[in-house]
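Converting from the sequence shown to the numbering used here requires adding 48 to each position, the first position being numbered 1.
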Amino acid sequence: MALLRTIRRCFSPRLTVAALALSSLAGCMLYEALVPSEPRFAFSHAKHVTDEGMSCEDCHMESDSGGAPTIPVLAQCNLCHTEIDAEKPEEKRIAQFFEGTKLKAAHRGAVGGDVVFPHGRHTEAGMDCAACHVGIEANVDVLALPRASMASCTSCHEERQTANECSTCHTTLREDVAPATHSAVWMRMHGSTVRGGSEATADTCSLCHQESSCTTCHLSTQPQNHTDYWRLRGHGISASLDRASCATCHRDDSCVRCHQESRPQSHIGNWGGTTSRHCTGCHFPIEGESCSVCHNGTPSHALATPKPPDHTDGMNCRMCHGAGQPLPHVDNGDSCNLCHR
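Below is the structure:
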């Protein structure tokens, strides 16, 4: 809006409309460049694999032991396409892949970085290409080939009980070199990613990190969402919704340290009641946890329902007030005579 007001002040209405039109056109052109509607380097695996019944080995004849599968050369295409004329529309797509007889670099899409993936070793083990390149038979864009994810590699190695250490696939292992997923905003966002999971990190944090990796930082530095408001009010709401999430870092004593002396702010005068069942949210297991921790000496005990005249102190109240006639409050295992006199 500020930009629009500036344009209105500096230009006439006609120039304003023209400027906005040019901006929209530039935006469309940029979007088209970043998100092309057509395949950037079209090659229909679906046509060759699904329609023609070809196998991967027909084009990728061999796989070396070091990394990339053999990239097709023009002679291999010529086995089926005997004459390639770049002027003919139907053969233009084939010609775009080559400079002379050599394949253009854009098609040489081996694994990147320090990752080693010996295709030959996988094919010798009876692995099907589609097991890693899921959906390759429908692919139409060479630059958008479906590739195996780290999660799929580690789960496959675990299932087959083969080597699954980082050094199996990575040649460079240094503590000061972070993975590509650990971007500049990772320090801020890693907490939500770990809690929610993602394709990049789901169930893989423990491959590199131990529990001490968290405590090394967070014993002295709170997570960024643990603000002052969080400490005073927000943490109780979150704990009531998902106690298991808190238990990832905190143990029971984390609550007791504060709340044994200071009651939660939600515990106002009408918090309890004769039909209250939410106490067990924190006070669990309730057995052996005396109600007097909170309620000793409060007026509510003076108003406790007195025992009927025929109920003596030696009677076991729970023989009657059990499953058939539930108690109107949480049973913590204490003697009923402490309150009901």
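Built from N, CA and C at the ideal position, the CB exists for glycine as well.
Cβ separation of residue i and residue j, assumed to be a contact under 8 Å, to the nearest whole Å
{"i": "residue 388", "j": "residue 357", "result": "With a Cβ gap of about 13 Å, residue 388 and residue 357 do not count as contacting."}
{"i": "residue 94", "j": "residue 188", "result": "6 Å"}
When the options are compared against residue i, the one with the closest alpha-carbon
{"i": "residue 362", "options": "384, 202, 168 and 265", "result": "384"}
{"i": "residue 230", "options": "253, 208, 268 and 98", "result": "253"}
{"i": "residue 217", "options": "286, 201 and 278", "result": "201"}
{"i": "residue 260", "options": "287, 291, 226 and 296", "result": "296"}
{"i": "residue 190", "options": "122, 92, 311 and 174", "result": "92"}
{"i": "residue 281", "options": "307, 175, 205 and 257", "result": "307"}
{"i": "residue 262", "options": "279, 285, 235 and 277", "result": "235"}
{"i": "residue 165", "options": "195, 185, 184 and 359", "result": "195"}
{"i": "residue 227", "options": "210, 198, 212 and 359", "result": "198"}
{"i": "residue 184", "options": "292, 103, 359 and 364", "result": "103"}
{"i": "residue 278", "options": "304, 299 and 312", "result": "312"}
{"i": "residue 174", "options": "208, 352, 192 and 359", "result": "208"}
{"i": "residue 162", "options": "225, 264, 304 and 291", "result": "225"}
{"i": "residue 210", "options": "178, 268, 170 and 285", "result": "170"}
{"i": "residue 176", "options": "105, 365 and 382", "result": "105"}
Outcome for residue i when other beta-carbon atoms lying within 10 angstroms are tallied against a minimum of 16
{"i": "residue 266", "result": "exposed"}
{"i": "residue 368", "result": "exposed"}
{"i": "residue 214", "result": "exposed"}
{"i": "residue 167", "result": "buried"}
{"i": "residue 97", "result": "buried"}
{"i": "residue 315", "result": "exposed"}
{"i": "residue 283", "result": "buried"}
{"i": "residue 107", "result": "buried"}
{"i": "residue 256", "result": "exposed"}
{"i": "residue 79", "result": "Residue placement at residue 79 is flagged as unreliable, the pLDDT there being 46, under the threshold of 50; the coordinate-derived value follows with that caveat. Counting Cβ neighbours within 10 Å, residue 79 comes out exposed, since fewer than 16 surround it."}
{"i": "residue 114", "result": "Bear in mind that the predicted position of residue 114 carries a pLDDT of just 49, short of 50, making it unreliable; the figure below should be weighed with that in mind. Flag for residue 114 reads exposed."}
{"i": "residue 82", "result": "Confidence at residue 82 is low in this model, with a pLDDT of 48, below 50, so its placement is unreliable and no value can be given for it."}
{"i": "residue 233", "result": "exposed"}
Heavy atom of the ligand SAH within 8 Å of residue i beta-carbon
{"i": "residue 223", "result": "Inclusion of the ligand SAH in the displayed structure is not the case, the ligand content being empty and no account of it being possible."}
CB contact below 9 Å: residue i versus chain B
{"i": "residue 108", "result": "The chain labelled as chain B is not found in the depicted structure, where only one protein chain is given."}
* Asked: Is it a yes or a no for the stretch 230 to 241 touching the stretch 271 to 283, going by three-plus beta-carbon pairs under 8 Å?
  -> yes
* Between the stretch 216 to 224 and the stretch 120 to 129, are three or more C-beta pairs nearer than 8 Å? -> no
* Could you name each continuous alpha helix (DSSP H) segment of 4 residues or more that falls completely within the stretch 155 to 214, going from the start of the chain to the end? => Fully enclosed alpha helix (DSSP H) runs of no fewer than 4 residues occupy 167 to 172, 177 to 180 and 198 to 208 of the stretch 155 to 214, in order along the chain.
* Asked: Which runs of the alpha helix (DSSP H) spanning at least 4 residues fall entirely within the stretch 236 to 307, listed in chain order?
  -> Within the stretch 236 to 307, the complete alpha helix (DSSP H) segments of 4 residues or longer fall at 253 to 256, 259 to 266, 283 to 289, 291 to 295 and 300 to 307, listed in chain order.
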